Amino acid sequence: MTEQIPKGVTREKIWDIGLRLFHWALVICVGLSWYLGEFGPDVMTLHFYVGYAVIALLVFRLVWGLVGPAPARFAHFFPWPRKLFSYLGGIKKREPSYYPGHNPVGALSVFAILGVLAVQVGSGLFADPDDYINVGPLAHLVSSEGTRLASQLHEIFSKLILLLVAVHLAAIVFYKIYKHEDLVRPMITGWKWVRRDHD
Ligand code: HEM
Ligand code: HEM
């Protein structure tokens, strides 16, 4: 960093290796699942396998959100209204947030992405498009109405994922260009410039 570092700002290890591997594995597996669902072979075996990998990643994230290091814990970054509005008050300032973890607006998007992915994999398990080939592995447990609903949800939520990922990337570009803060490098190295007076 060549520019002046403000007083009280230090470089700290924020994202642990587990969270970082989770994130980049999720990018690859969600990207692949989406591509295979939309453009892959008619027989969706590979789509199922990559989908199971997404399930495993989400289970890991759930456990990590409960017992992982502080910046990864859900309770630590839950966007309570007071935190959210106080953060929103200063969001237009053209300076880095130096937030020691997910800021409250980012936290909203984290919960939205994880929630939408949970519905996506859940609905995939029960989906049955009536083609006798790509039957979700748990589809036999529910009625035909249930499998139809699951198929519909699976299709709608695949579009929602696209939307959320687009917003996610737009937010990262906003931080980089408008607020002069690079959030991507910390997600790679774990190290982030932070200020501890946010909480
Ligand atoms: C399929 C695409 C993607 C998905 C589903 C996704 C999902 C997520 C999730 C769930 C988090 C929260 C991490 C946590 O669990 O605590 C996150 C954070 C983050 N993601 Fe992604 N991501 C995607 C693509 C990308 C890409 C392509 C980049 C980089 C160019 C990126 C950069 C980041 C950064 C920098 C953060 C941390 C934000 C912060 O500082 O609060 N993501 N992403
Ligand atoms: C993040 C993970 C996933 C994404 C992004 C995703 C995405 C998609 C997409 C885009 C389609 C095509 C939908 C359409 O145009 O009709 C599809 C179909 C399908 N997926 Fe997934 N999927 C995921 C996970 C899973 C999982 C875990 C399973 C179950 C093991 C699954 C089972 C199915 C089935 C059975 C279909 C055909 C159903 C139908 O067309 O109604 N998916 N998926």
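The numbering of the sequence shown is the working numbering, which starts it at 5 and goes up by one. Each residue gets a CB set at the ideal place from its N, CA and C atoms; glycine is no exception. Model, not experiment: these values are computed from the prediction.
Assigned secondary structure, residue i (DSSP; H/G/I helix, E/B strand, else coil)
i      : result
TRP195 : strand
SER147 : coil
TYR102 : coil
GLY213 : A question about residue 213 goes unanswered here, because the residues of the chain that appear run from 5 up to 203.
LYS217 : Outside the modelled stretch of the chain, which goes from 5 to 203, sits residue 217, for which no answer is possible.
LEU187 : coil
PRO75  : helix
TRP28  : helix
TYR39  : helix
PRO85  : helix
LEU142 : coil
GLN8   : coil
GLU133 : Before going on, a small fix: residue 133 reads as Pro here, not Glu. Residue state, collapsed to three classes: coil.
PRO108 : helix
For residue i, the residue or residues it bridges with in DSSP
i     : result
VAL13 : ARG199
Where residue i falls, given that 16 or more other Cβ within 10 Å makes a residue buried
i      : result
LEU167 : exposed
ASP132 : buried
PRO95  : For clarity, residue 95 is Ile in the given sequence; the question names Pro instead. Result: exposed.
GLY140 : buried
TYR39  : exposed
MET5   : Unreliable placement is indicated for MET5, whose pLDDT of 49 sits below 50; the coordinate value is still reported in the next sentence. Exposed, by the Cβ-count rule.
THR3   : Beyond the ends of the chain as shown, which are 5 and 203, falls residue 3; an answer cannot be given.
HIS184 : exposed
TYR179 : buried
Nearest-angstrom beta carbon gap, residue j and residue i [assumed within contact, 8 angstroms]
i      : j      : result
ARG200 : PRO75  : Not a contact, Cβ separation roughly 12 angstroms.
SER37  : HIS51  : 6 angstroms
VAL58  : VAL125 : 6 angstroms
CYS33  : VAL13  : Not really, about 35 angstroms apart at Cβ, beyond 8 angstroms.
TRP197 : TYR102 : 6 angstroms
Residue i beta carbon near ligand 3 (any heavy atom closer than 7 angstroms)
i      : result
GLY128 : Ligand 3 is not part of the structure shown, which contains ligand 1 and ligand 2 as its ligands.
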